[in-house]
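**Q** Just so you know, we're using my numbering here: the sequence shown kicks off at 107 and counts up by one.
From the three backbone atoms N, C-alpha and C, an ideal C-beta is built for every residue, glycine too.
If you're wondering where the values come from, they're calculated on a predicted model, not measured in any experiment.
Sharing a structure here in structure tokens format.
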Amino acid sequence: MNSLQLPQLQFQLQPGSTLVLQMSLHNWMKEAILLRPTLDDWVVDNGNLIITASQKLEPPYIYLFSGSDASETITTSIPGDVLPGQRLKTWLRFPGIQEEAIPIDVEIMPVVQPLPQVVEFPLNVTFPVSGENNSGFSHTFDSTMAGIFGLISGVIDLDKIPSRWLVAELLIVIAQRGEEYAQTLPGSRLLEQLKHTVFYKNGTIALASAQLPSWISESLTIANTILGGSSQTPGTQRLLYIWERWLLSLVGTDVEAEEVGKQIFVPPFLAEAVVAKLGMDADRWFGSILLGLSVLSPRIGNILATIAELASPTPVADAKAGSAGYALATALPGLNFLPVRWLVVELLVVLAQIGREYAGSETGNQLSDRLSRTRFFKNGVVALASAKVLRWLQISQSSATAFANSMGAATGMGGMLIFWELWLWSLLPDNSNIQSLVPNNSAREALSAELGMNGDRWFEAIILGLAVMSPRIAAILEAIASLAPEPVTRPSPTQAPVEDIVGESKSIGL
Numbered sequence: 107m108n109s110l111q112l113p114q115l116q117f118q119l120q121p122g123s124t125l126v127l128q129m130s131l132h133n134w135m136k137e138a139i140l141l142r143p144t145l146d147d148w149v150v151d152n153g154n155l156i157i158t159a160s161q162k163l164e165p166p167y168i169y170l171f172s173g174s175d176a177s178e179t180i181t182t183s184i185p186g187d188v189l190p191g192q193r194l195k196t197w198l199r200f201p202g203i204q205e206e207a208i209p210i211d212v213e214i215m216p217v218v219q220p221l222p223q224v225v226e227f228p229l230n231v232t233f234p235v236s237g238e239n240n241s242g243f244s245h246t247f248d249s250t251m252a253g254i255f256g257l258i259s260g261v262i263d264l265d266k267i268p269s270r271w272l273v274a275e276l277l278i279v280i281a282q283r284g285e286e287y288a289q290t291l292p293g294s295r296l297l298e299q300l301k302h303t304v305f306y307k308n309g310t311i312a313l314a315s316a317q318l319p320s321w322i323s324e325s326l327t328i329a330n331t332i333l334g335g336s337s338q339t340p341g342t343q344r345l346l347y348i349w350e351r352w353l354l355s356l357v358g359t360d361v362e363a364e365e366v367g368k369q370i371f372v373p374p375f376l377a378e379a380v381v382a383k384l385g386m387d388a389d390r391w392f393g394s395i396l397l398g399l400s401v402l403s404p405r406i407g408n409i410l411a412t413i414a415e416l417a418s419p420t421p422v423a424d425a426k427a428g429s430a431g432y433a434l435a436t437a438l439p440g441l442n443f444l445p446v447r448w449l450v451v452e453l454l455v456v457l458a459q460i461g462r463e464y465a466g467s468e469t470g471n472q473l474s475d476r477l478s479r480t481r482f483f484k485n486g487v488v489a490l491a492s493a494k495v496l497r498w499l500q501i502s503q504s505s506a507t508a509f510a511n512s513m514g515a516a517t518g519m520g521g522m523l524i525f526w527e528l529w530l531w532s533l534l535p536d537n538s539n540i541q542s543l544v545p546n547n548s549a550r551e552a553l554s555a556e557l558g559m560n561g562d563r564w565f566e567a568i569i570l571g572l573a574v575m576s577p578r579i580a581a582i583l584e585a586i587a588s589l590a591p592e593p594v595t596r597p598s599p600t601q602a603p604v605e606d607i608v609g610e611s612k613s614i615g616l
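Structure follows, in structure tokens:
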């Protein structure tokens, strides 16, 4: 048995053989971890040729609690067209858990057996590896590298942070946008109409029975305690603030030339102030969340406008209120244990989807063109590549799909965003027509396949998506774009005059 101290696994196999790694996994870390090992592509003869490594993972994922053990098998095939004497290399990785990989070296032997070989190899894997601590990367790196190491550390931490913290922050942001919209004439009119629908009455009762306002307030308190917030620096330990600060730290720094510029101020996210303003009033929370959703999503805004037309003088809640309240109350505790990684993956793809649509407009295309010529854009692409975020995104999406399929979800209907939108429309007395309009994941999966491993296109799509969703970030990106140098234009080559040597008595010089 081999213990994982980053050994180099060596095998002698025939072409077309099957290698089965039988892994015994042990989690000695303080946190629960989600494991989905993967193999890199085969590299033949020191990189002269690269062959895609087919692999099968059973089970597709493992959620390993602290102190627990589990088994997982990864099966890969040796290409059948390699020649005896050639050497193949690949690397066994555990994305999101550790950066190091286990090299696997295969020497191709002459075919001596007519039937393909099946080689089973037991491997002990213990986390953390080689005495690594559980806190990710140190925060004492030189500031010129903060954009890279901050992202690496942040990606690793997403498996340690419960979804509850981010869900609470997002609900507060949505409600805050809704409160602002309610101060406008269209917003106040929409809210007044919605309040006279059975849908709204059901939602208010569901939120009250599940005690959602209290759950949001408690979530902030728990996160503040663990993340180390204080009264001296309120709002600076929120996840959304930390991530925005990281993004804007790319503006004044050159991670390749090790230059540091002025930092852009990021206003603290004073979530407690919003909660204090809304209080424990489920009616006000539900109204603000609906208005916020209508602002952030034109599609949902159109649906809410259609629902508002069903207003009646004296709406009465029906049985949907009780069932929706029960569903909400039973789903919220699960967010304590579900890593925020899965929600972040969905949000990043949604942002990229919005950004790609915006890039197709004249305004979005112009903004993208100017941003692409800034140091900020270059730093973002370098950070994504250095932290292997694109690979992490692909693995996370495939893991989420495997989980949804194992739970019996309809094809393309897995994920938290779809689940909660379906819950929202379940408040309608008759929701069959609207629930059928909820988009599945096919468009998002197609977008991920289209963008692939192209860091430039992913970063462009995400920041343009942020510009659409947040007017404040849009203003900052516009200011950054204004600093872009003018595009380099090559002068047209001067053409020498063509002489008529045919009609003249001149020697061509042969």
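Tell me the DSSP secondary structure of Glu-415 in three-state form.
**A** The answer is coil: DSSP assigns Glu-415 none of H, G, I, E or B.
**Q** If Leu-119 sits next to Ile-184, beta carbons under 8 Å apart, how far is it from one beta carbon to the other, in whole angstroms?
**A** Yes, Leu-119 and Ile-184 are in contact; Cβ-Cβ is about 5 Å, under 8 Å.
**Q** Among residues of its own chain, excluding the 5 on either side of Lys-528, which ones have a beta-carbon nearer than 7 Å to its beta-carbon?
**A** At residue 528 the sequence reads Leu, which differs from the Lys that was named. Gln-541 and Val-544, listed in sequence order.
**Q** In the DSSP output, which residue or residues are listed as bridge partners for Thr-124?
**A** Partner(s): Ser-183 and Val-224.
**Q** In the DSSP assignment, what residue or residues form a beta bridge with Asn-471?
**A** Bridge partners of Asn-471: none, in fact.
**Q** Taking 6 Å as the limit between beta carbons, can you name the residues of its chain near Phe-305, skipping five residues before and five after?
**A** Closer than 6 Å at Cβ, skipping near neighbours: Ile-413, Leu-533 and Leu-534.
**Q** Could you please give the first and the last residue of the uninterrupted alpha helix (DSSP H) stretch that includes Phe-392?
**A** That run of the alpha helix (DSSP H) goes 388-402.
**Q** Quick check on this structure: which residue in Asp-475, Val-149, Val-381 and Pro-419 has the alpha carbon closest to the alpha carbon of Thr-158?
**A** Nearest C-alpha to Thr-158: Val-149.
**Q** Check the C-beta distance from Ala-430 over to Ala-312 and give it rounded, since I have them as a contact under 8 Å.
**A** With 8 Å as the limit, Ala-430 and Ala-312 qualify as a contact, their Cβ atoms being about 4 Å apart.
**Q** Can you find at least 3 beta carbon pairs, one from the segment 272-281 and one from the segment 316-332, that sit closer than 8 Å?
**A** Contact holds: three or more Cβ-Cβ distances are below 8 Å.
**Q** Less than 8 Å between the CB atoms is what I'm expecting for Arg-142 and Ser-505, so what's the real figure, rounded?
**A** The pair is a contact, with the Cβ atoms about 5 Å apart (cut-off 8 Å).
**Q** By alpha-carbon positions, which one of Thr-144, Leu-410 and Leu-229 ends up nearest to Ser-177?
**A** The option with the nearest alpha carbon to Ser-177 is Leu-229.
**Q** If you follow the beta strand (DSSP E) that Pro-292 is part of, which residue opens it and which one closes it?
**A** Not the beta strand (DSSP E): Pro-292 falls in the alpha helix (DSSP H), residues 291-300.
**Q** Just to confirm, are Thr-480 and Leu-589 a CB contact at a threshold of 8 Å?
**A** Yes, these two residues count as a Cβ contact at 8 Å.
**Q** Taking contact to mean 3 or more Cβ pairs, one atom from each stretch, closer than 8 Å, check whether the segment 206-217 and the segment 165-174 are in contact.
**A** Result no; under three Cβ-Cβ pairs closer than 8 Å.
**Q** Between the beta-carbon of Pro-190 and the beta-carbon of Ile-214, is there less than 8 Å?
**A** The answer is yes: Cβ separation under 8 Å.
**Q** According to DSSP, simplified to helix, strand and coil, what is Phe-375?
**A** Correct three-state label for Phe-375: coil.
**Q** So, under 8 Å CB-CB, Ile-406 and Gly-571 are touching, yes? Tell me the CB distance rounded to an integer number of Å.
**A** Ile-406 to Gly-571, Cβ: 16 Å. No contact.
**Q** For Ile-332 and Ile-267, what's the separation of their Cα atoms in angstroms?
**A** Going by the C-alpha atoms only, they are around 10 Å apart.
**Q** Just the C-alpha distance for Asp-187 and Glu-226, rounded to the nearest angstrom, thanks.
**A** Those two C-alpha atoms are separated by around 22 Å.
**Q** Can you list, in chain order, the residues of its chain with a C-beta nearer than 7 Å to that of Leu-297? Leave out the 5 residues immediately preceding and following it.
**A** Closer than 7 Å at the Cβ level, and outside the excluded window around Leu-297, lie Ala-288, Gly-393 and Leu-397.
**Q** In or out: Lys-426 buried (at least 16 other Cβ within 10 Å) or exposed?
**A** Result: buried.
**Q** Which of the three DSSP states, helix, strand or coil, is assigned to Trp-494?
**A** Checking the displayed sequence, the identity of residue 494 turns out to be Lys instead of Trp. Residue state, collapsed to three classes: coil.
**Q** Can you tell me which residues form a DSSP beta bridge with Trp-148?
**A** In DSSP, Trp-148 forms a bridge with Ile-157.
**Q** Tell me where the alpha helix (DSSP H) around Glu-592 begins and ends.
**A** Glu-592 -> no alpha helix (DSSP H), and no H or E assigned at all.
**Q** If you follow the alpha helix (DSSP H) that Leu-198 is part of, which residue opens it and which one closes it?
**A** Where Leu-198 is concerned, there is no enclosing alpha helix (DSSP H), although the beta strand (DSSP E) it sits in stretches over 193-199.
**Q** Measuring CA to CA, which of Leu-356, Leu-583 and Pro-165 is closest to Gln-472?
**A** Checked all of Leu-356, Leu-583 and Pro-165; the closest Cα to Gln-472 is Leu-583.
**Q** Alpha carbon to alpha carbon, what distance is there between Leu-454 and Gly-284?
**A** The straight-line gap from Cα to Cα measures roughly 22 Å.
**Q** Helix, strand or coil: which one does DSSP assign to Thr-331?
**A** Reduced to three states, the DSSP call for Thr-331 is helix.
**Q** Go ahead and label Ala-555 buried or exposed: buried means 16 or more other beta carbons lie within 10 angstroms of its beta carbon, across all protein chains shown.
**A** Exposed.
**Q** Beta carbon of Met-386, beta carbon of Pro-439: below 8 Å?
**A** Cβ distance not < 8 Å, so Met-386 and Pro-439 don't count as in contact.
**Q** Exposed or buried, what is Val-212 when buried is set at 16 or more other beta-carbons lying within 10 Å of its beta-carbon?
**A** Buried, by the Cβ-count rule.
**Q** Pick from Gln-128, Ser-123, Ser-294 and Leu-194: whose alpha carbon is nearest that of Leu-221?
**A** Ranking Gln-128, Ser-123, Ser-294 and Leu-194 by Cα distance to Leu-221 puts Ser-123 first.
**Q** Considering only the alpha carbon of each residue, which of Leu-523, Thr-303 and Arg-550 lies closest to Glu-463?
**A** Looking at the Cα atoms, Arg-550 is the closest of the given residues.
**Q** Below 8 Å on the Cβ atoms is my guess for Leu-457 versus Ile-568; work out the distance and round it to an integer in Å.
**A** With 8 Å as the limit, Leu-457 and Ile-568 qualify as a contact, their Cβ atoms being about 5 Å apart.
**Q** What do you reckon, are the CB atoms on Met-522 and Leu-449 nearer than 8 Å?
**A** In contact: Met-522 and Leu-449 (Cβ atoms closer than 8 Å).
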